[in-house]
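*Asks:* Sharing a structure here in structure tokens format.
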Amino acid sequence: PLAEIAGPGEYLPEPLVGQRVEVTGTWVPEDFLVVSSRFNDGVEGFWVTGQLRIADTATPTSVAVAVGWAPTLTVAESAAEALEQTAVAGEPVTVVGRLISDEGPVPPPRGEPPFTMTRMSPAALLSQWHNTAGLDVYRSYIASQSAPAGLVDIASPAPDAGSTVNWLNIFYAAEWVVFAGFAFYFWYRLAKDA
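When the letters of the sequence shown are read in order and numbered with the numbering used here, they come out as residues 1140 to 1333.
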């Protein structure tokens, strides 16, 4: 569950980025927005994002969800409209996906409409969401593992496990062994010559 990994307003520690989470809530109608410059398996396109109002919380709490990927803006906008129609019913949904750190807001490129988003930033999304008074929001977002009809699943592989060996520390240790060898050699030569 999402609440066991992070809390609203908290930064996501590096070891938890990419953690699979599950959360139940309801979609907020009119809050399906499109984010451009999103790559899916090397192809540039658009993400459709939504505000998921989390169920069973003491205060109203939401998390941004990247719902799915679309190859064109037209497809993304029509998928967002379709999602808004289904969200009006207020049916609970369960979202499963990877928890990812926000990318931070940036101004739109020159010549673009003022609300164009090119980065997945819950802060930027929050500025366009509705009914946000007293709302707690997660700083991170969820990349949903399964997209609804009309969208493509977002490629979100598990993070690399990485190596448990810190090679930099090993090289530093070897360097100090070499320095100690030179120091011993010079001491030996000075003691022998004296």
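We put the beta carbon where it would ideally sit given N, CA and C, even for glycine.
Rounding to the nearest angstrom, what Cα-Cα distance links residue 1268 and residue 1232 in this structure?
*Replies:* On the sequence shown, position 129 is the one that residue 1268 refers to. On the sequence shown, position 93 is the one that residue 1232 refers to. When rounded, the distance between both Cα atoms is 19 Å.
*Asks:* For residue 1327, report the span of its alpha helix (DSSP H) as first-last.
*Replies:* Sequence index remark: in the sequence shown, residue 1327 carries index 188 (1-based). Element bounds for residue 1327: 1306–1332.
*Asks:* Classify residue 1172 as helix, strand or coil using the three-state DSSP reduction.
*Replies:* Stepping through the sequence shown from its first residue, residue 1172 is reached at position 33. Looking at residue 1172 - three-state DSSP - the assignment turns out to be strand.
*Asks:* Given a cut-off of 8 Å, decide if residue 1281 and residue 1162 are closer than it, judged by their beta-carbon atoms.
*Replies:* On the sequence shown, residue 1162 is found 23 positions in, with the first residue counted as 1. On the sequence shown, residue 1281 is found 142 positions in, with the first residue counted as 1. Taking 8 Å as the Cβ cut-off, residue 1162 and residue 1281 qualify as a contacting pair.
*Asks:* If you measure between the beta carbons of residue 1218 and residue 1146, is that distance less than 8 Å?
*Replies:* Reading the sequence shown from its first residue, position 79 is the one you call residue 1218. Reading the sequence shown from its first residue, position 7 is the one you call residue 1146. Contact: no.
*Asks:* Let me know if residue 1211 comes out buried or exposed under the rule of 16 or more other beta-carbons within 10 Å of its beta-carbon.
*Replies:* Working through the sequence shown from its first residue, we reach residue 1211 at position 72. With fewer than 16 other Cβ atoms within 10 Å, it is exposed.
*Asks:* Name the two residues that bound the continuous alpha helix (DSSP H) containing residue 1225.
*Replies:* To locate residue 1225, count along the sequence shown from 1; it is residue 86. Note, residue 1225: alpha helix (DSSP H), 1212–1226.
*Asks:* Taking the beta carbon of residue 1293 as the centre, do at least 16 other beta carbons fall within 10 Å, making it buried, or is it exposed?
*Replies:* On the sequence shown, residue 1293 is found 154 positions in, with the first residue counted as 1. Buried is the call here.
*Asks:* Answer yes or no: do residue 1159 and residue 1206 have a C-beta to C-beta separation smaller than 8 Å?
*Replies:* Working through the sequence shown from its first residue, we reach residue 1159 at position 20. Working through the sequence shown from its first residue, we reach residue 1206 at position 67. No, these two residues do not count as a Cβ contact at 8 Å.
*Asks:* When the Cα of residue 1275 is compared with those of 1325, 1172 and 1192, which residue comes out closest?
*Replies:* Numbered from its first residue, the sequence shown carries residue 1275 at position 136. Per the Cα distances, 1192.
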